[in-house]
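Engineer:
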Amino acid sequence: MSGSTLALTVLAGLSEASVLFLVASGLSLVFGALRVINMAHGSLYMVAAFITTAIVQFLAQPAIGFLLALVIAPAVVALIGALIEVLVLRRLYGREHLLQLLATFALTLVFAGGVRIIFGSYNRSIRPPELLSGGVSLGSFIFPTYKFFLMFAALVVAAALYVLLYRTTLGRNIRAAVADPELLNASGVNVARLFTTVFMIGAGLAALGGVLVSPDQAVTGGMDTDVLVAAFAISVIGGLGSLMGSFVGALIVGLATSFGILFPQTSRWSLAFIFVLMAVVLMLRPWGLFGRPEAT
Amino acid sequence: MPALTRLRTPEGMRWVAAGLLVVVAFTLPPLAGLLETILPDTISANFTLILGTSALVLALWSVSYNLMLGYTGMVSFAHAAYYGIGAYTVALLYQDLHWSVLPGLVLSPLVAGLVGLVTGFISLRAVRLYFSLLTLAISQVCFVIAFEWYSFTGGDNGIHGISPPDFLLNPTVQYYFVGAVVSVCLLTMFLLVRSPFGAALLAIRENRLRAAAVGLNVKRYELAVFTVSAAFAGVAGALFAIYDLQAFPQLMYWTESAHPVVMTLLGGSGTFLGPALGAAVYTGLQNSIGRTFPAQFDIVLGAIVLGVVLVAPGGLGSALDGIRRLAARRSGSRGPAKQDSEGDALVRIDVSKILAIRPAKSQAERSSGGTLLRVEGLSKRFGGLKAVDGVSLDVLEGRRHAVIGPNGAGKSTLFNLLTGQIRPDAGKVVFGGVDITGRRPHQLSRFGIGRAFQITNIFPKLTVLQNLQYSMLAHRGDTVRPFGIADRRYRDEAMQLLEAVGLGPAFALQAGLLSHGDQRALELAISLALGTRLLLLDEPTAGMSPYETKRAMELVNGVVAQQGLTLLFCEHDMDIVFGIADVVTVMHQGRVLAEGTPEAIRSNPEVQRIYLGDVELDAPQTEAGARA
């Protein structure tokens, strides 16, 4: 393999990992605090992507449209998230995992149908804003500017999440909820509101991923389950509830996908490879690379 | 009219509903023909039969799914994979070996069951949520294999153009053929869930921890039911390939597992045929709303699942109970009222009845005083914390031995080590001369070690009687039997024990409805049913009112004395400790601080020092208390 192919593959893997990190970190954050696996997480990502294409295609100025979408879509989706948390999840805390899985799974069906009714069932695609289109020349090859932007965005979000979790009161409460929800409840924090906030942040992260991915990939009706399965794999490999786990897990899955595609012999199996990896990690270290075993 | 009255019970209504379902299924072909002659423009008999065939296959698929979801409490996303494997078994044998579809049908449960066994073994390494995620991964791997292995499976094209034997070309014959296969499978599964094996599954669903404590190897039962469920899903998939004449990778995609989930919830996961009813309704919905408004159909399905989860966890099956209740109210008679269990059953204890069941040991026998349990240098660390640090103690046969100590002394860790919940880092536990160090909980119950938990631990949704019967089945190894009727076994013996602890009148109640004190009594009865020699009680009176505490301790004391049991307990309430114990061991910071008779412990200055300001050691109205 030549040096430039290697560099190209690594870069492609990193940009793939960037969007996956955004989505998986939201899933993981929600699981850590609420102990709920949100099967509808991929649906929120899809909804945001469709909202983005609608805004960009509606406005004459694509650049302004994209900027608007970057604000509006996460806000709308976070509100949807608040509704889900208050109307559905709140009634299921402390009940069997089974019911939470089934309820959020039902939401994926509702969202899939809703998106098809509102946005139609054909695929959409938009171009990146003028400023971020085109490519950057790196010696022997050109790499799309927009993919660099994705990596940059993921790093900014990762840093922001770190600050949120480790430097603010809200973050301290979230981490306390991850460690021991009962104790937190006893210490006078309004846990109900905290959970709603966390779920909104999680939904917002999924939406951010959806907005950012839409100039890069086709926006389709099946993107919800595709990204959900990838986010599961990342969270399981990295450890559910761990920010660092989502980061490393996303890198592993992103790079594995991109290196898998590189070789014609393996490209067809790269997807299977990720699931085998997920299964192996779960068997050896059920709480993931960076997660902590559950107390019970 | 006793027969009619019986039909108005929930059980009776279910039999009626099941009977109706079978009658409709059986008469569908003539019915469809009749409808076609009446309404030739709207109804086609052949099309109706194809729908009927499809509903039968879906019924088999979802009932097999419910073996896991409803009967064992496992959420799997891999059920579509086994369905797909069944379909591919028929299709590949037809395509590559030019076999007829019938041997494929016979082989499909074996292939799907084998894959289920291997993948189940892998996914059951994890529990609950992580189990579900692993099944998802496994389903995706199966999908990718089918999708990408062109030379073997035909890749994304799938395999088409299977031709069935000539006799199956007639839709009516095909319908009855599929119906016969489905009936045989359903009957097999029905016998399975009513058998002692099925009782083990229910026990696991209700309370995994307790199930292990009565002697069930939980993982092994879960693996068994996972395999059986996969095998029947394989048959359903094979039938699909036989009437739809194709197999393709999308059958195995993990979201396809939504179908059995929706059908199961729709019909009710709490009943055996509920999912089959769900399949019929689902097929109807799919071909009315689903055909005209495909996008809306997803929303309808989602709303159904959401509604069932949030509002009516019993599904359509439980709606029947609702109708029955309404009918009962209208006719003025009230259903079986939620029996009041506040009137403490513990008052009704009759120790002489316990005597009748198991001959009490003579005083001489009791005080033979051999060491029943020997603990040597037991240690356990959590990180830097030595929770239990070189603890040694001997529990003599027939004694009532208390372990006390301030919070964090390591009492609960010690109990968890003794009962196999956690493994020690060092040291030995010997019970009746056998080294039991590090044995798992289900093995310990076979030796005769019974445990009551800090939190009351019963099977809440089973009846009081079933709690005992299923525990006996599990303990005596009967739950390996996939035949017979679990609810008819050990009935008399269980009833006798219930009478003895004063729960006789409550035998038909759901155990979860009993008062706290009564649940404790039930727990004790379970321990007796397991032939316990050493009873371990971890804070037996935690969360009880003073009155309940007094009664519970009288019950324990009476049973222990009459049965010649050995008792090892830890407890915060010093009145209880000094009122019951023959021997007291004091723990402090993971070590044994002192051991001796209650009097010796009470006057031990070191013990008083660690308890100072924590617990009032001096029980009033005793000589020792007066002296201090």
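Keeping their order, the protein sequence lines are chains A and B.
Residue numbers for the first sequence follow the numbering used here, so the first one is 1 and each next one is one higher.
Residue numbers for the second sequence follow the numbering used here, so the first one is 1001 and each next one is one higher.
Just so it is clear, CB atoms sit at the ideal spot from N, CA and C, and this is done for glycine as well.
This structure is a prediction, so every number in the text was calculated from the model and none was measured.
Take Gln-1421/B and list the residues in its own chain whose beta-carbon comes closer than 7 Å to its own, dropping the five residues that flank it on each side.
Structural biologist: Result list for Gln-1421/B: Pro-1441, in chain order.
Engineer: With a 10 Å radius around its C-beta and 16 neighbouring C-beta atoms as the bar for buried, classify Asn-38/A as buried or exposed.
Structural biologist: Classification of Asn-38/A: buried, given that the 10 Å Cβ count is 16 or more.
Engineer: Find the residues of chain A that neighbour Thr-1255/B, judging by a C-beta separation of less than 7 Å, and give them in chain order.
Structural biologist: Correct list: Thr-225.
Engineer: Any chance the segment 1087-1097 of chain B sits against the segment 1233-1243 of chain B, with 3 or more Cβ pairs inside 8 Å?
Structural biologist: Yes: the two stretches touch, three or more of their Cβ pairs being nearer than 8 Å.
Engineer: Using Cβ-Cβ distances below 8 Å, what residues of the segment 1407-1427 of chain B are close to chain A?
Structural biologist: Under the 8 Å Cβ criterion, the segment 1407-1427 of chain B contributes no residue.
Engineer: Rank Phe-1131/B, Val-1111/B, Thr-1264/B and Phe-1459/B by C-alpha distance to the C-alpha of Leu-1209/B and give the top, closest one.
Structural biologist: The shortest Cα separation from Leu-1209/B among Phe-1131/B, Val-1111/B, Thr-1264/B and Phe-1459/B belongs to Phe-1459/B.
Engineer: Grab me the residues of Ser-140/A's own chain with a C-beta within less than 6 Å of its C-beta, minus the 5 sequence neighbours each way, in chain order.
Structural biologist: So the list reads Ser-4, once near-sequence residues are dropped.
Engineer: For a cutoff of 8 Å on Cβ pairs, would you count Tyr-1130/B as touching chain A?
Structural biologist: So yes, Tyr-1130/B belongs to the interface.
Engineer: Is Gly-113/A close to chain B? Criterion is C-beta to C-beta, closer than 8 Å.
Structural biologist: Chain B contact via Cβ: present.
Engineer: Among Ala-1199/B, Val-1184/B and Ile-1610/B, which has the Cα closest to the Cα of Asn-1235/B?
Structural biologist: Residue identity differs from the one stated: residue 1235/B is Val in this sequence, not Asn. Minimum Cα distance to Val-1235/B is reached at Val-1184/B.
Engineer: How would you list, in chain order, the residues of chain A whose beta-carbon sits under 8 Å from the beta-carbon of Pro-1125/B?
Structural biologist: It is worth fixing the name first, because residue 1125/B is Arg in this sequence and not Pro. Per Cβ cutoff of 8 Å: Leu-282, Met-283 and Pro-286.
Engineer: Can you round the beta-carbon distance between Leu-20/A and Phe-143/A to whole angstroms, since I take them to be within the 8 Å contact cut?
Structural biologist: About 19 Å separates the two Cβ atoms, so there is no contact after all.
Engineer: Tell me where the beta strand (DSSP E) around Arg-1591/B begins and ends.
Structural biologist: Element bounds for Arg-1591/B: 1591-1596.
Engineer: Using a C-beta cutoff of 8 Å, does Arg-292/A count as contacting chain B?
Structural biologist: Answer no: the Cβ-Cβ gap between Arg-292/A and chain B never drops below 8 Å.
Engineer: Look at the alpha carbon of Val-1101/B and the alpha carbon of Pro-1165/B, and state the distance between them as a whole number of angstroms.
Structural biologist: So the alpha carbons of these two residues sit roughly 8 Å apart.
Engineer: Can the beta-carbon of Ser-1195/B be found closer than 8 Å to that of Ala-1486/B?
Structural biologist: Against a cut-off of 8 Å, the Cβ pair of Ala-1486/B and Ser-1195/B comes out as a contact.
Engineer: What does Gly-1377/B pair with, by DSSP beta-bridge criteria?
Structural biologist: Answer is none; Gly-1377/B lacks a bridge partner.
Engineer: Within the chosen definition, does the segment 204-217 of chain A reach the segment 97-113 of chain A through at least 3 CB pairs nearer than 8 Å?
Structural biologist: As far as the Cβ criterion goes, the segment 204-217 of chain A does not touch the segment 97-113 of chain A, which means the pair count is below three.
Engineer: Tell me whether the beta-carbon of Ile-1122/B lies closer than 8 Å to the beta-carbon of Leu-1134/B.
Structural biologist: Against a cut-off of 8 Å, the Cβ pair of Leu-1134/B and Ile-1122/B comes out as a contact.
Engineer: If you reduce the DSSP assignment to three classes, tell me which class His-41/A lands in.
Structural biologist: His-41/A falls in the helix class under three-state DSSP.
Engineer: Going straight from the alpha carbon of Pro-128/A to that of Val-76/A, what length do you get?
Structural biologist: Using only the alpha carbons, I get a separation of about 21 Å.
Engineer: DSSP three-state call for Trp-1015/B: helix, strand or coil?
Structural biologist: Looking at Trp-1015/B - three-state DSSP - the assignment turns out to be helix.
Engineer: Count the other C-beta atoms from every protein chain shown that fall within 10 angstroms of the C-beta of Val-136/A, then say buried if there are 16 or more, exposed otherwise.
Structural biologist: Per the 10 Å Cβ criterion, exposed.
Engineer: Could you name the residues that DSSP lists as bridge partners for Arg-1400/B?
Structural biologist: Looking at the DSSP assignment, Arg-1400/B forms a beta bridge with Leu-1567/B.
Engineer: Provide the residue(s) that pair with Ile-1449/B in DSSP beta bridges, ordered along the chain.
Structural biologist: Paired residues: Leu-1534/B.
Engineer: Whole angstroms are fine: how far does the CA of Leu-212/A sit from the CA of Arg-124/A?
Structural biologist: If you take the alpha carbons of Arg-124/A and Leu-212/A, they lie about 14 Å apart.
Engineer: From what residue to what residue does the beta strand (DSSP E) around Lys-1428/B run?
Structural biologist: Residues 1426-1431.
Engineer: Counting only Cβ pairs nearer than 8 Å, list the residues of chain B close to Leu-98/A.
Structural biologist: Per Cβ cutoff of 8 Å: Leu-1069, Gly-1073 and Val-1075.
Engineer: For Leu-1136/B, would you say it is in contact with chain A, using Cβ-to-Cβ distances shorter than 8 Å as the test?
Structural biologist: Leu-1136/B counts as touching chain A.
Engineer: Using 8 Å as the cut-off, can you tell me whether the segment 1124-1132 of chain B makes contact with the segment 248-258 of chain A, which would need three or more C-beta pairs spanning the two stretches below that distance?
Structural biologist: No, the segment 1124-1132 of chain B does not touch the segment 248-258 of chain A.
Engineer: Can we say the segment 1296-1307 of chain B touches the segment 1214-1226 of chain B, given the rule of at least three CB pairs closer than 8 Å?
Structural biologist: No, because fewer than three Cβ pairs between the segment 1296-1307 of chain B and the segment 1214-1226 of chain B fall closer than 8 Å, the two stretches do not touch.
Engineer: Note down, in chain order, each residue of its chain lying with its Cβ closer than 7 Å to the Cβ of Gly-241/A, except the 5 sequence neighbours on either side.
Structural biologist: Excluding residues within five positions, the ones whose Cβ falls inside 7 Å are Ser-28, Phe-31, Gly-32, Val-178 and Gly-291.
Engineer: Could one say the Cβ of Val-1144/B lies closer than 8 Å to chain A's Cβ atoms, at least one of them?
Structural biologist: It does: the Cβ of Val-1144/B has a partner Cβ on chain A nearer than 8 Å.
Engineer: By how many angstroms is the C-alpha of Met-283/A removed from the C-alpha of Lys-1411/B?
Structural biologist: Their backbone Cα atoms lie some 32 Å apart in a straight line.
Engineer: Per DSSP, which one or two residues make a beta bridge with Thr-168/A?
Structural biologist: Its beta-bridge partners do not exist; DSSP assigns none.
Engineer: Using beta carbons (cut-off 8 Å, strictly below), is Phe-259/A in contact with chain B?
Structural biologist: Cβ-Cβ to chain B under 8 Å: no for Phe-259/A.
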